[in-house]
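See structure below.
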Amino acid sequence: MEPVVGATPKVVRSEEEWRALLDPAEFAVLRQAGTERPYTGEYTDTKTEGLYECRACGAELFRSDTKFDSHCGWPSFFSPLAGDSVILREDRALGMKRVEVLCAACHSHLGHVFEGEGYPTPTDQRYCINSVSLKLVPSE
Ligand SMILES: [Zn+2]
Numbered sequence: 001m002e003p004v005v006g007a008t009p010k011v012v013r014s015e016e017e018w019r020a021l022l023d024p025a026e027f028a029v030l031r032q033a034g035t036e037r038p039y040t041g042e043y044t045d046t047k048t049e050g051l052y053e054c055r056a057c058g059a060e061l062f063r064s065d066t067k068f069d070s071h072c073g074w075p076s077f078f079s080p081l082a083g084d085s086v087i088l089r090e091d092r093a094l095g096m097k098r099v100e101v102l103c104a105a106c107h108s109h110l111g112h113v114f115e116g117e118g119y120p121t122p123t124d125q126r127y128c129i130n131s132v133s134l135k136l137v138p139s140e
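Numbering of the sequence shown is given in full-length UniProt numbering, commencing with residue 1 and proceeding in unit increments.
What follows is the structure in structure tokens.
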């Protein structure tokens, strides 16, 4: 898929403000593009119905009905909530060519998206997202 270059974020905060708002683990992933260790995140195996929001800014990002069992160690979704809820950016860190997934509203790092892996989902895409980047709001 083609990386999408996003516009200016709607939510803009200084590094100091983000540090005050987020705990150190959240800051390391959301603002420094870190990755939580596999199989450690609180939502890896969660089946609860609801909406997953950006933990940094509260934007709605993913719905539980697109979450699937990828067995990769991180929460995996086959589609974002809407095409414009995330932005995609080419990531050549660590000698790999990957596509980074960012929150469209605040440009915080969420994870990466992979495709063509053969998962039996409608899109054959795997949005591999750090739990610590998300906040699940269960349905009523
Ligand atoms: Zn956000």
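Virtual Cβ for every residue (Gly too), placed ideally from N, Cα, C.
Because the structure is a prediction, the values reported are computed rather than measured.
Quiz item: Apart from the five residues just before and just after T48, which ones in its own chain have a Cβ nearer than 7 Å to its Cβ?
Solution: For the purposes of this step, residue 48 is taken as residue 48 along the sequence shown, with counting starting at 1. Here the set comprises S64, L136 and P138.
Quiz item: For L134, is the classification buried or exposed, using 16 other Cβ atoms within 10 angstroms of its Cβ as the cut-off for buried?
Solution: In the sequence shown, residue 134 corresponds to position 134, counting from 1. Label assigned to L134: buried.
Self-check item: Beta bridge counterpart(s) of Y52 as assigned by DSSP
Solution: To locate residue 52, count along the sequence shown from 1; it is residue 52. Paired residue(s): F62 and L136.
Self-check item: CB-CB length for Y43 against P80, believed under 8 Å
Solution: Locating residue 43 in the sequence shown gives position 43, counting from the first residue. Locating residue 80 in the sequence shown gives position 80, counting from the first residue. Between P80 and Y43 the Cβ distance is about 15 Å, and since that is not below 8 Å, they are no contact.
Quiz item: What span of residues does the beta strand (DSSP E) with F68 cover, start to end?
Solution: Within the sequence shown, residue 68 is the residue found at index 68, counting from 1. That residue, F68, is in no beta strand (DSSP E); it is neither H nor E in DSSP.
Self-check item: Whether F129 touches V99 by CB criterion (8 Å)
Solution: Stepping through the sequence shown from its first residue, residue 129 is reached at position 129. Stepping through the sequence shown from its first residue, residue 99 is reached at position 99. Strictly speaking, residue 129 in this sequence is Ile, with Phe absent from that position. It is not a contact, given that the beta carbons lie outside the stated cut-off.
Self-check item: CB-CB length for A105 against V12, believed under 8 Å
Solution: Locating residue 105 in the sequence shown gives position 105, where the first residue counts as 1. Locating residue 12 in the sequence shown gives position 12, where the first residue counts as 1. Actually they are not in contact, since the Cβ atoms of A105 and V12 sit about 10 Å apart, beyond 8 Å.
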